[in-house]
Amino acid sequence: MCGIIGYVGSRGGLQVGVEALRRMEYRGYDSAGVAIADGTGNLIIERKAGELANLEAAIAVRGSGEFQGSTVIGHTRWATHGSPSDRNAHPHLDETGKIAVVHNGIIENFAALREELLAAGVELKSETDTEVTAHLVSRAYFSCPETAGNFVESVLSVVRGLVGAFTLVFTHADHPDTVVAARRSTPLVVGVGEGETFIASDVAAFIEHTRNAVELDQDTAVVARTDGFEVLNFDGTPSVARPFVIDWDLEAAEKGGFPYFMLKEIAEQPRAVSDTLRGHFIDGRVVLDEQRLAEQDLREVDKVFVVACGSAYHSGLLAKYAIEHWTRLPVEVELASEFRYRDSVLDSSTLVLAISQSGETADTLEAVRHAKAQKARVLAVCNTNGSQIPREADAVLYTHAGPEIGVASTKAFLAQVTANYLVGLALAQARGTKSPGDIAREFADLEAVPELISRLLESVESVRELAQRYSESSTILFLGRHVGYPVALEGALKLKELAYMHAEGFAAGELKHGPIALVEEDLPIIVMVPSPKTHPILHSKILSNIREVQARGARTIVIASEGDETVAPFADHLIEIPSTSGLLQPLLSTIPLQIFAAEVAQARGYNVDKPRNLAKSVTVE
Ligand code: F6R
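With positions in the sequence shown counted from 1, the corresponding number in the working numbering is that position plus 2.
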């Protein structure tokens, strides 16, 4: 999830570009860069790894006078392909230095395109998937008879051949009055001013200049000029665009209209899951393309250890259910902070799955080092490209949740669960414990989840009402069985950290071994109920557990699958979630708990993005 800007008009391009990047820095801060067409056949480019301040410092050293010109493209990066470095920072140039591009998204067929370019003798300067598009447009513009000399047609001919999700914005030194952008499945909005046009990832980039904006369909290109803009389909025919007026203030615009980043991140979960799955099922096979372990290495694994902290640990608990079920391998899940202080038994046949959103968590990093010292193979599941844990691991599978600003993990958690399941399927495939048909069905079920999340997010009003109602409770308990148990732990953690309310998650079967003593009149208890279709026995067992707490006066808030007719008498409040396969239910049942915690916190007057005493990245043990 990067921030991108394109501008044509009469203002100073440098100032417009840098201001827009500042407004979008929350979208990524691995690097920043601008390219300006100076109107005399040159592009002036500067880009720097790290926060925007580094770019500004580099520009200051050169002197802003060097950056004359109105037409600009700019980028603030959340790294996906290639580490966060000056070399991988956008914009990327073609070999002539005339064409520059910025990109948000993932180009899935970039490896094949890269090979093609290398075979044609093109020298690639970065490790990104983006750079190939600059060279391809260059070849179309300078050497292909059908598109030669036509900037717009050259861009269209290239984007037609791309697979994946992308917003690309190109500038051309010989066409300083034009910026060309194209989008598929990633955001792009046009800002329409007087004698100027903006193209950006979100309206925050240009809201101080114009409130007139245009929303674009999938697979559309925009040709922006000072006197207006054209919207085209990738085949060059005119496309529809929907004008709208932005009525947010600047702060609301940065948060996509949500009062808190966390709420925006909850809403981004369909994309976090689909982006994490993207490109990992090719020709009927699960592909972990960012891992450096061969299929043979996966075949040799005889035990899996999962190490992680907090929410990432809960995602690891879910991994245990899936990996054991699909692969018949034993899986141990351990808090990273405990792992290295006991004599855990591992060797070169052990696969250690280290899960971390930030990739910097000290406890998890130390667990990785401990595992490597014992010759185990370490596969990191991480959301932050180039961070320490993936650097030290033997292999990495990136989650593509984009930057998470809210301290509490939401979309990163769902992306971790998704990636862990991909690891499980890859292990099952390598070991032959699941047939190709079974694996294809499991993957298809995963691919259906983003749509189900979107549907669920449209019907969560009742969760908000419940949060208001129970916001003054002193304790809330969470119960679950099987995969519902880690979800119960995650729901309790969210409530503790955001609302500062006492909460505990329990395996429902454990209740009668002690915690049931906590149950008293009107105590709210949130219960995850598995679908009777996928888990009939567990379903009836948990209904018995609900009966036990109801008999002692508890108020039950039940999260159950749509169509579960038997559950209503057990629920003082029923929250229905779309049905899916048993193992995938946590990708849905967690969401009402995230919303519940955020709403209780707001009702209690707390800032949900910055809970007290917590930090996003915990770099001390
Ligand atoms: C809870 C939360 C934390 C993190 C934990 C690990 O909402 O965000 O529990 O999950 O600190 O962080 P990472 O995943 O960065 O290693």
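Where is the CB? At the ideal position from N, CA and C, for every residue including glycine.
Check whether the Cβ atoms of Ser358 and Ile391 lie closer than 7 angstroms to each other.
Reading the sequence shown from its first residue, position 356 is the one you call residue 358. Reading the sequence shown from its first residue, position 389 is the one you call residue 391. Contact: yes.
Select from Ala324, Val398, Arg342 the residue whose C-alpha is nearest the C-alpha of His484.
Here residue 484 refers to the residue found at position 482 when the sequence shown is read from its first residue. Checking every option, the nearest Cα to that of His484 belongs to Ala324.
Assuming Ala562 and Leu576 form a contact by the criterion Cβ under 8 angstroms, report the distance between their Cβ atoms to the nearest whole angstrom.
Start at 1 with the first residue of the sequence shown, and residue 562 comes out as number 560. Start at 1 with the first residue of the sequence shown, and residue 576 comes out as number 574. About 7 angstroms separates the beta carbons of Ala562 and Leu576, which is inside the 8 angstroms limit, making them a contact pair.
Can you determine whether any heavy atom of ligand 1 sits closer than 6 angstroms to the C-beta of Ser542, and answer yes or no?
Position 540 of the sequence shown holds residue 542. Checking the Cβ of Ser542 against ligand 1 gives no.
Contact belief for Val10 with Val36 at Cβ below 8 angstroms, rounded distance in angstroms
Mapped onto the sequence shown, residue 10 falls at position 8. Mapped onto the sequence shown, residue 36 falls at position 34. Wrong, their Cβ atoms sit about 14 angstroms apart, outside the cutoff.
Compute the Euclidean distance between the alpha carbons of Ile527 and Arg287, then round it to the nearest angstrom.
Along the sequence shown, one-based indexing puts residue 527 at 525. Along the sequence shown, one-based indexing puts residue 287 at 285. Rounded to whole angstroms, Ile527 and Arg287 show a C-alpha spacing of 42 angstroms.
Measure from the alpha carbon of Glu27 to the alpha carbon of each residue in Glu53, Leu595, Asn615, Ala114, then state which is nearest.
The residue you call residue 27 lines up with position 25 of the sequence shown. Residue Glu53 is the option with its Cα nearest to Glu27.
Residue span of the alpha helix (DSSP H) that contains Met503, given as start and end:
Working through the sequence shown from its first residue, we reach residue 503 at position 501. Annotation for Met503: no alpha helix (DSSP H) segment contains it, and DSSP assigns it neither H nor E.
In the DSSP assignment, what residue or residues form a beta bridge with Phe208?
As a position in the sequence shown, residue 208 is number 206, starting the count at 1. The partner list for Phe208 (beta bridge, DSSP) is empty, contrary to what the question assumes.
Three-state class that DSSP yields for Gly486 in the structure shown
Stepping through the sequence shown from its first residue, residue 486 is reached at position 484. In the structure shown, Gly486 sits in a helix (DSSP, three-state: H, G or I).
What residues in its chain sit with their C-beta under 7 angstroms from that of Ser464, if we drop five residues either side in the sequence?
Taking the first residue of the sequence shown as position 1, residue 464 is located at position 462. Cβ neighbours of Ser464 beyond the five flanking positions: Ile577.
Terminal residues of the continuous beta strand (DSSP E) containing Arg227?
Numbered from 1 along the sequence shown, position 225 holds the residue referred to as residue 227. Element bounds for Arg227: 222-227.
Going by C-alpha distance, which of Ser475, Ala215, Asp221 is nearest Phe231?
The count along the sequence shown starts at 1 and reaches residue 231 at position 229. For the residues Ser475, Ala215, Asp221, the minimum Cα distance to Phe231 belongs to Ala215.
Use the C-beta contact count for Glu340: other C-beta atoms within 10 angstroms, 16 or more gives buried, fewer gives exposed.
Residue numbering aside, residue 340 sits at position 338 when the sequence shown is read from its first letter. Here Glu340 is exposed, its C-beta having fewer than 16 other C-beta atoms within 10 Å.
For Val171, count neighbouring Cβ atoms within 10 angstroms of its own Cβ and tell me buried if that reaches 16, exposed if not.
Your numbering for residue 171 matches position 169 in the sequence shown. By the 16-neighbour rule on beta-carbons within 10 angstroms, Val171 is buried.
Cα-Cα separation between Ser411 and Gly439, rounded to whole angstroms
If you number the sequence shown from 1, residue 411 lands on position 409. If you number the sequence shown from 1, residue 439 lands on position 437. Rounded to whole angstroms, the gap between the alpha carbons of Ser411 and Gly439 is 34 angstroms.
Span of the beta strand (DSSP E) around Ile38
Counting from 1 along the sequence shown, the entry for residue 38 is found at position 36. Bounds of the beta strand (DSSP E) holding Ile38 are 33-39.
Please classify Gly43 as buried or exposed, where buried requires at least 16 neighbouring CB atoms within 10 angstroms.
Reading the sequence shown from its first residue, position 41 is the one you call residue 43. Counting other Cβ atoms within 10 Å of its Cβ, Gly43 stays below 16 and is therefore classed as exposed.
Using 7 angstroms as the threshold, is the C-beta distance between Leu118 and Asp365 below it?
Stepping through the sequence shown from its first residue, residue 118 is reached at position 116. Stepping through the sequence shown from its first residue, residue 365 is reached at position 363. Reading off the sequence shown, one finds Glu at residue 118, where the question assumed Leu. Taking the C-beta atoms as reference points, Asp365 is found no nearer than 7 angstroms to Glu118.
Could you give the distance in angstroms between the alpha-carbon of Phe69 and the alpha-carbon of Ile46?
Against the sequence shown, residue 69 aligns to sequence position 67. Against the sequence shown, residue 46 aligns to sequence position 44. If you draw a straight line from the Cα of Phe69 to the Cα of Ile46, it is about 6 angstroms long.
The beta strand (DSSP E) that contains Val10, what's its start and end?
Walking along the sequence shown from the start, residue 10 turns up at place 8. Looking at the DSSP string, the run of the beta strand (DSSP E) that includes Val10 is 5-10.
Under the three-state DSSP convention, the category Gly439 falls into
For this step, residue 439 is matched to residue 437 along the sequence shown. Residue state, collapsed to three classes: helix.
Neighbourhood of Leu448 by C-beta, 7 angstroms cutoff - its chain only, sequence neighbours within 5 removed:
Reading the sequence shown from its first residue, position 446 is the one you call residue 448. Contacts found: Leu279, Thr420, Tyr423, Leu586.
By the DSSP assignment, the alpha helix (DSSP H) with Arg471 in it spans what residues?
Your numbering for residue 471 matches position 469 in the sequence shown. In the DSSP assignment, Arg471 falls within the alpha helix (DSSP H) that extends over 463-471.
If I measure Cβ to Cβ from Ala414 and keep anything under 7 angstroms in the same chain, skipping five residues before and after, which residues do I get?
Residue mapping note: residue 414 aligns to position 412 of the sequence shown, counting from 1. So the qualifying residues of the chain are Gln359, Asn385, Thr401, Ala403, Glu406.
Closest Cα partner of Glu564 within the set Ala254, Ser581, Ala570, Pro240:
Position 562 of the sequence shown, counted from the first residue, corresponds to residue 564. Nearest C-alpha to Glu564: Ser581.
Rounded to whole angstroms, what is the Cα-Cα separation between Thr98 and Asp176?
Taking the first residue of the sequence shown as position 1, residue 98 is located at position 96. Taking the first residue of the sequence shown as position 1, residue 176 is located at position 174. CA-CA distance, Thr98 to Asp176, rounds to 11 angstroms.
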